[in-house]
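Residue 68 is where the sequence shown starts when you use our numbering, and the numbers rise one by one after that.
Following: one structure in structure tokens, then a few remarks.
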Amino acid sequence: MSDDAAALRLIEERLAREIGLDVHSLGPSLIGLAVRARMKRRGAVSAAAYMPLLDGEAEWQALVEEVVVPETWFFRDRQPFLALAQWAGREWLPAHPFGVMRLLSAPCSTGEEPYSIVMALMEAGVPPERFTVEAVDISETALAKARRGLYNRNSFRGSAHDYRESHFAKTAPGWQLAEAVKSQVRFRHVNVLDPSFAHKESRFDAIFCRNMLIYFDAPSRTRLMERLHEMLAGDGRLFLGHAEGGIARGFGFEPLPFSMSFAFRKAAPGTDRPASPQPAAAAKAAVPKRAVPPLVPRFASKPAPKP
């Protein structure tokens, strides 16, 4: 193995160890492209020459920015947001008449998901003082965009855009999100695999962790699922991506009957777990059969966009 190949292999191993990235989920060539892009920016003539630069925190973060996948849009898969709004209005608020619902979006990318959570709850009539949203991501670039709250047409996919008329103002640079929505979300730069993350947080009533597990290697997936179980309140709800539902059953979660929402709650104590989770079966996970009447009519009247 050449020095460059060995250096690239060590970089891939560090990405797996520190941020959980499964190289094969993106393709080894894409990691190589990211490394070469940073080599060019730093004037390194080889991967072996570039590798010592990663000892600096700034360069490591710059490489992470090159490999993260900021693919998101508002109300990506509408059913999870509708399921959350219905559960909040019909179950959580009556059961916690003086409580404040705490929600987590991880990863939050450029902000479309946590802001969609806020808009769904507002449209359902949940008072803003009754919930808060914590949004975390490893990409500082994505977080900077999220905090600005300024979006272009790529963030508004599908055909149902009623929420845009209600919560955004059209400006020359793009669509500016209303301050009433922005103020409900607190953004933080966080690596979800950092051991200190879960211990610093109290329990969350709902966690959105969608389309991240598919990029993790098996050990990191296990660490994250155990952490999510620890961070979720006893009567809380966990929302995963459509290709990740089969993973949850192996970590003490059971599916909820909200059609196509891929929502889970903690399984009853003593429930047997499979000997090992089977990520490959995620796409074939059982889909609950009972459709939930939407709590937000303006969204329910139109079909959900395809992922």
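The beta-carbon is built from N, C-alpha and C at its ideal position, and this holds for glycine as well.
PRO164 sits in coil when the DSSP states are folded into three classes, being neither helix nor strand. For the 8 Å CB-CB criterion, VAL252 and ALA310 do not form a contact. If you ignore the 5 residues before and after SER172, its C-beta comes within less than 6 Å of the C-beta of GLU180, PRO181, ALA202, PHE275, all in its own chain and listed in chain order. For VAL203, the uninterrupted beta strand (DSSP E) run begins and ends at 198–204, by DSSP. Taking the Cα positions, ARG220 is about 24 Å away from VAL200. Straight-line spacing of the CA atoms in VAL136 and GLY156 works out to 33 Å. Your pair LYS333 and GLY312 does not check out as a contact, with CB atoms roughly 15 Å apart and the cut at 8 Å. Proximity of the stretch 155–170 to the stretch 241–249 falls short of the contact definition, fewer than three beta-carbon pairs being nearer than 8 Å.
Straight across, the Cα-Cα distance linking LYS212 with ALA335 is about 40 Å.
Here CYS276 is bridged, per DSSP, to LEU307.
A contact is defined here as three or more CB-CB pairs under 8 Å, and the stretch 81–89 meets this definition with respect to the stretch 118–134. DSSP lists PHE331 as the bridge partner or partners of PRO322.
In this structure the stretch 188–198 does not touch the stretch 288–305; the number of beta carbon pairs closer than 8 Å is below three. For the pair SER250 and GLY123, the Cα-to-Cα distance works out to about 34 Å. Three or more Cβ pairs closer than 8 Å define a contact, and the stretch 222–235 meets that threshold against the stretch 138–146. No residue range can be given for GLN251, since it is assigned to no alpha helix (DSSP H) and is classified by DSSP as neither H nor E.
If you check the CB distance, LEU75 and ALA104 do not come in under 8 Å. Judged by DSSP secondary structure, LEU93 falls within the alpha helix (DSSP H) whose first and last residues are 90–93. Using a Cβ distance threshold of 8 Å, PRO161 and ASP204 do not count as a contacting pair. By the C-beta density criterion, ASP70 is exposed, having fewer than 16 other C-beta atoms within 10 angstroms.
Judged by DSSP in its simplified three-state form, ALA115 adopts helix.
Judged by their CB atoms, GLU79 and ILE98 are nearer to each other than the 8 Å cut-off. Of the other Cβ atoms in all chains shown, fewer than 16 fall within 10 Å of the Cβ of THR238; this residue is therefore exposed. Every alpha helix (DSSP H) of 4 residues or more that sits fully in the stretch 137–197 is shown, in chain order, as 145–154, 179–190. Here GLY94 is exposed, its C-beta having fewer than 16 other C-beta atoms within 10 Å.
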